[in-house]
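Asker: Going line by line, the protein sequences match chains A and B. Using our numbering, the first residue of the first sequence is number 148, and each one after it goes up by one. Using our numbering, the first residue of the second sequence is number 148, and each one after it goes up by one. Once you've had a glance at the structure underneath, I'll fire off some questions.
Protein chains: 2
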Amino acid sequence: MDIKDFIETISLFQNLEKKNYDDLAAIIHSKKFKKNAIIFSEYDSADGFYVATLGRVKIFKSSPEGKEQILHIFGPGEPFGEIAVFTGKSFPASAQAIADSETIFFPKNEFINLIKKDPTLSLNMLSVLSLRLKRFTSLIEDLSLKEVPGRLAAYLLYISESKGSKDELSLDISKGQLASILGTIPETLSRILAKMTKEGLIDSDGKRNYLIKDRDSLIDLAEGERKLV
Amino acid sequence: MDIKDFIETISLFQNLEKKNYDDLAAIIHSKKFKKNAIIFSEYDSADGFYVATLGRVKIFKSSPEGKEQILHIFGPGEPFGEIAVFTGKSFPASAQAIADSETIFFPKNEFINLIKKDPTLSLNMLSVLSLRLKRFTSLIEDLSLKEVPGRLAAYLLYISESKGSKDELSLDISKGQLASILGTIPETLSRILAKMTKEGLIDSDGKRNYLIKDRDSLIDLAEGERKLV
DNA sequence: CGTGGCCTTGATAAAGTTCAAGAGCCGTGG
DNA sequence: CCACGGCTCTTGAACTTTATCAAGGCCACG
Chain A
148 MDIKDFIETI
158 SLFQNLEKKN
168 YDDLAAIIHS
178 KKFKKNAIIF
188 SEYDSADGFY
198 VATLGRVKIF
208 KSSPEGKEQI
218 LHIFGPGEPF
228 GEIAVFTGKS
238 FPASAQAIAD
248 SETIFFPKNE
258 FINLIKKDPT
268 LSLNMLSVLS
278 LRLKRFTSLI
288 EDLSLKEVPG
298 RLAAYLLYIS
308 ESKGSKDELS
318 LDISKGQLAS
328 ILGTIPETLS
338 RILAKMTKEG
348 LIDSDGKRNY
358 LIKDRDSLID
368 LAEGERKLV
Chain B
148 MDIKDFIETI
158 SLFQNLEKKN
168 YDDLAAIIHS
178 KKFKKNAIIF
188 SEYDSADGFY
198 VATLGRVKIF
208 KSSPEGKEQI
218 LHIFGPGEPF
228 GEIAVFTGKS
238 FPASAQAIAD
248 SETIFFPKNE
258 FINLIKKDPT
268 LSLNMLSVLS
278 LRLKRFTSLI
288 EDLSLKEVPG
298 RLAAYLLYIS
308 ESKGSKDELS
318 LDISKGQLAS
328 ILGTIPETLS
338 RILAKMTKEG
348 LIDSDGKRNY
358 LIKDRDSLID
368 LAEGERKLV
């Protein structure tokens, strides 16, 4: 697909005036990253942000002991690294390609000039940042107020709404990465999935496909109204 | 102070064109809240946001079991409730006055119209949201990757930088609220403060004043390079 | 068919929470 | 001015949840 056509499909760039698409196309360039390549590291100084066009990118924080917390996993059409553009400082977290990936890069200063010109673009960006804040709010809630089974239940329900057909869903990430999204470690995740299966809440094909067998109980679990035995 | 003069001191409204201050003043009105009053609740539909002018407001999430996680505590000059303005939906968390408080309320639609007219205002707002995202990023990091002593150490260091003179600092919140900021409970906080005191890292007057006696060790603790015994 | 990555399972340990009791402090009202 | 009641904070002991360490299984890919 032509890069300009692609830009028009990105939700961040919806409803702009026609001429601004040309301006956007004029300032960008594409960057490719092999699987496992580091796109940027926390504390790197930032001179722009990215939109994924192909592949998958994880945004994460890591501790000295090697544990990591994934903040987001982004796919095609989703912008990342934009916080640093508006704080004027360094990236608050690191980004790594978890599959061979392609991105469009938007240089900071040129992009800010465009934002000044088109109020729709700035409102779109405000909306993107607000949605991110909302997601972080609920990640904080999960980490602080829920136990791991509750977080997992909430995650499964969330995926089943966004990517699943009725009660079937398939994860497109490894269990290790899922653990890191949920703020735990693979061993713990494994045990809890086993418990959920034994208690008849879910079923799995051993691959990455799951079947929700008892949605109500999952909901109770996610809300803290129920415990696994 | 005149409300228009006050607006000009708020960082969100820096560097606007003169006439826009008049427009702002035209759409706002003030709202007062007694201590412990709920300003808004999660899931309330939002028709605007607030800027504190007096007092203190906490933004928090709470669990069915009654535990709560404080996301922010805001004082004069700081905006809150603005996420919902740009997502068009409900508030992602609740707000409560923790002291008698006064606020200015900015109605959503009128404010959005102003943002469309003044790019400086929208860039300021983008910067506010980005800074919030950055803080959330580090709260998530703390909750997921650090233990409570590390979070407490980081918090004390943070306060000593922002509000303290050299090694003395005073908290202006209760221990219960501090526990809720750190994602733990008062009992645990109490034990850890006792340990820190016993090990000579800090000292306290039993009120809300603390003395940092061994800053290097606190830093090590915050970075996970050291443990309490 | 062997090797490495990913996942599972078990035993053990650590960190934090819960429950319960009591100490210190403060404002109110007698 | 003192006593009371209600807070907040502290401390102890038991318990729960999760992490750590270690071993072994499974599977895909060369």
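Where a beta carbon is used, it is the ideal one built from N, C-alpha and C, also for glycine. As the structure is a prediction and not an experimental result, all values here were calculated from the model.
Go to S237(B), then tell me how far its beta strand (DSSP E) extends in each direction, as first and last residue.
Answerer: Against the second sequence, residue 237(B) aligns to sequence position 90. Here S237(B) belongs to no beta strand (DSSP E), and DSSP marks it neither H nor E.
Asker: Would you grab the beta carbon distance between A184(A) and V232(A) for me? Rounded to a whole angstrom, and I think it's under 8 Å.
Answerer: For the purposes of this step, residue 184(A) is taken as the residue at position 37 of the first sequence. For the purposes of this step, residue 232(A) is taken as the residue at position 85 of the first sequence. Actually they are not in contact, since the Cβ atoms of A184(A) and V232(A) sit about 21 Å apart, beyond 8 Å.
Asker: Can you name the residues of chain A whose CB is closer than 8 Å to the CB of F233(B)?
Answerer: As a first step, residue 233(B) must be located in the second sequence, where it is residue number 86. Simply L270, L273, S274, L276, S277.
Asker: For E257(A), decide whether its Cβ has a neighbour in chain B, counting only Cβ atoms nearer than 9 Å.
Answerer: Stepping through the first sequence from its first residue, residue 257(A) is reached at position 110. Chain B contact via Cβ: absent.
Asker: Which residue spans inside the stretch 185 to 266 of chain B form an unbroken beta strand (DSSP E) run of at least 3?
Answerer: Listed in chain order, they are 185 to 187, 195 to 201, 204 to 209, 215 to 221, 241 to 244, 248 to 254.
Asker: Would the stretch 165 to 181 of chain A and the stretch 255 to 262 of chain A be scored as touching if the rule is three or more Cβ pairs under 8 Å?
Answerer: The answer is yes - the stretch 255 to 262 of chain A touches the stretch 165 to 181 of chain A, with three or more Cβ pairs under 8 Å.
Asker: Quick one: what does DSSP say E315(B) is sitting in, helix, strand or coil?
Answerer: Here residue 315(B) corresponds to residue number 168 of the second sequence, with the count starting at 1. Strand, per DSSP.
Asker: Relative to the alpha-carbon of F187(B), which residue among Q243(B), E155(B), K313(B) has its alpha-carbon at the smallest distance?
Answerer: As a position in the second sequence, residue 187(B) is number 40, starting the count at 1. Minimum Cα distance to F187(B) is reached at Q243(B).
Asker: When you check each C-beta in the stretch 281 to 296 of chain B against every C-beta of chain A, which residues fall closer than 8 Å?
Answerer: Here the close residues are K281, F283, T284, S285, L286, I287, E288, L290, S291, L292, K293.
Asker: Do L368(B) and L290(A) have their C-beta atoms within less than 9 Å of each other?
Answerer: Within the second sequence, residue 368(B) is the residue found at index 221, counting from 1. Within the first sequence, residue 290(A) is the residue found at index 143, counting from 1. Cβ distance not < 9 Å, so L368(B) and L290(A) don't count as in contact.
Asker: State yes or no: is the beta carbon of A240(A) nearer than 9 Å to at least one beta carbon in chain B?
Answerer: Here residue 240(A) refers to the residue found at position 93 when the first sequence is read from its first residue. So yes, A240(A) belongs to the interface.
Asker: Could you confirm whether any beta carbon from chain B is found closer than 9 Å to the beta carbon of L218(A)?
Answerer: As a working note, residue 218(A) is residue 71 in the first sequence. Yes - at least one Cβ of chain B is within 9 Å of the one on L218(A).
Asker: Listed from N- to C-terminal order along the chain, which residues in the stretch 202 to 229 of chain B have their beta-carbon within a distance smaller than 7 Å of any beta-carbon of chain A?
Answerer: Listed by position, the residues of the stretch 202 to 229 of chain B near chain A (Cβ gap below 7 Å) are K208, S210, P211, E212, K214, Q216, L218.
Asker: Alpha carbon to alpha carbon, what distance is there between I359(B) and G297(B)?
Answerer: As a working mapping, residue 297(B) is identified with position 150 in the second sequence. As a working mapping, residue 359(B) is identified with position 212 in the second sequence. About 15 Å.
Asker: Whether or not the stretch 238 to 255 of chain B and the stretch 202 to 215 of chain B are in contact is what I'm after, with contact meaning three or more pairs of Cβ atoms, one per stretch, closer than 8 Å; do they touch?
Answerer: With a cut-off of 8 Å, the stretch 238 to 255 of chain B and the stretch 202 to 215 of chain B count as touching, because enough Cβ pairs lie within range.
Asker: Considering only C-alpha positions, which residue in the set F252(B), Y357(B), D149(B), F283(B) is nearest to S177(B)?
Answerer: Indexing the second sequence from 1 puts residue 177(B) at position 30. The shortest Cα separation from S177(B) among F252(B), Y357(B), D149(B), F283(B) belongs to F252(B).
Asker: In chain A, which residues lie with their C-beta within 8 Å of the C-beta of I328(B)?
Answerer: Along the second sequence, one-based indexing puts residue 328(B) at 181. Those within 8 Å of I328(B) in chain A number zero; the least Cβ separation is about 10 Å.
Asker: Helix, strand or coil for L358(B) per DSSP?
Answerer: The sequence position of residue 358(B) within the second sequence is 211, counting from 1. Three-state DSSP puts L358(B) in a strand.
Asker: What's the C-alpha gap between A246(B) and L348(B)?
Answerer: Indexing the second sequence from 1 puts residue 246(B) at position 99. Indexing the second sequence from 1 puts residue 348(B) at position 201. Spanning the two alpha carbons is a distance of roughly 31 Å.
Asker: Contact criterion: CB-CB distance below 9 Å. Does K263(B) meet it with respect to chain A?
Answerer: Position 116 of the second sequence, counted from the first residue, corresponds to residue 263(B). Chain A, which has a Cβ nearer than 9 Å to the Cβ of K263(B), makes this yes.
Asker: Along chain B, in chain order, which residues have C-beta atoms closer than 8 Å to that of E370(A)?
Answerer: One-based indexing of the first sequence puts residue 370(A) at position 223. Chain B residues near E370(A): P211.
Asker: Can you give me the Cβ contacts of K255(B) inside the same chain, cut-off strictly under 6 Å, excluding the 5 residues immediately before and after it?
Answerer: In the second sequence, residue 255(B) corresponds to position 108, counting from 1. Contacts found: D194, G195, V232.
Asker: Which of the three DSSP states, helix, strand or coil, is assigned to I349(B)?
Answerer: One-based indexing of the second sequence puts residue 349(B) at position 202. Reduced to three states, the DSSP call for I349(B) is strand.
Asker: Quick check on P266(B) - is its C-beta less than 9 Å from some C-beta in chain A?
Answerer: Counting from one through the second sequence, the residue named residue 266(B) turns up at place 119. Yes, P266(B) lies at the interface with chain A (some Cβ there is under 9 Å from its Cβ).
Asker: Can you tell me the Cα-Cα spacing of I339(B) and E164(A), whole angstroms?
Answerer: Position 192 of the second sequence, counted from the start, is the residue given in the question as residue 339(B). Position 17 of the first sequence, counted from the start, is the residue given in the question as residue 164(A). Cα-Cα distance, rounded: 57 Å.
Asker: Report yes if the C-beta distance between L280(A) and L336(B) is below 9 Å; otherwise report no.
Answerer: Taking the first sequence and counting its residues from 1, one reaches residue 280(A) at position 133. Taking the second sequence and counting its residues from 1, one reaches residue 336(B) at position 189. Cβ atoms of L280(A) and L336(B): not closer than 9 Å.
Asker: Give me whichever residues DSSP pairs with F180(A) in a beta bridge.
Answerer: As a position in the first sequence, residue 180(A) is number 33, starting the count at 1. Paired residues: S248(A).
Asker: Output yes or no for whether 9 Å exceeds the beta carbon distance between L286(B) and E229(B).
Answerer: For the purposes of this step, residue 286(B) is taken as the residue at position 139 of the second sequence. For the purposes of this step, residue 229(B) is taken as the residue at position 82 of the second sequence. Cβ distance not < 9 Å, so L286(B) and E229(B) don't count as in contact.
Asker: For E370(A), which residues of its own chain have a beta-carbon under 8 Å away from its beta-carbon, when the five flanking residues on both sides are left out?
Answerer: Along the first sequence, read from residue 1 onward, the residue named residue 370(A) stands at position 223. For E370(A), where only same-chain residues beyond five positions count, the Cβ hits under 8 Å are G297.
Asker: What would DSSP say about S364(B), mapped onto helix, strand or coil?
Answerer: What you label residue 364(B) is simply residue 217 of the second sequence in a count that begins at 1. If DSSP states are grouped into helix, strand and coil, S364(B) belongs with the helices.
Asker: Under the three-state reduction of DSSP, which class applies to T344(A): helix, strand or coil?
Answerer: The residue labelled residue 344(A) in the question sits at position 197 within the first sequence. Residue state, collapsed to three classes: helix.
Asker: Nearest by alpha-carbon distance to T331(B): which of G224(A), E288(A), V204(A) is it?
Answerer: The count along the second sequence starts at 1 and reaches residue 331(B) at position 184. Ranking the options by Cα distance to T331(B), first place goes to E288(A).
Asker: By alpha-carbon positions, which one of T284(A), V295(A), K205(A) ends up nearest to I220(A)?
Answerer: In the first sequence, counting from the first residue as 1, residue 220(A) sits at position 73. Selected option, being the one with the closest Cα: K205(A).
Asker: Along the chain, where does the alpha helix (DSSP H) containing S327(B) start, and where does it finish?
Answerer: On the second sequence, residue 327(B) is found 180 positions in, with the first residue counted as 1. It spans 322 to 329 - the alpha helix (DSSP H) in which S327(B) sits, taken as one unbroken run.
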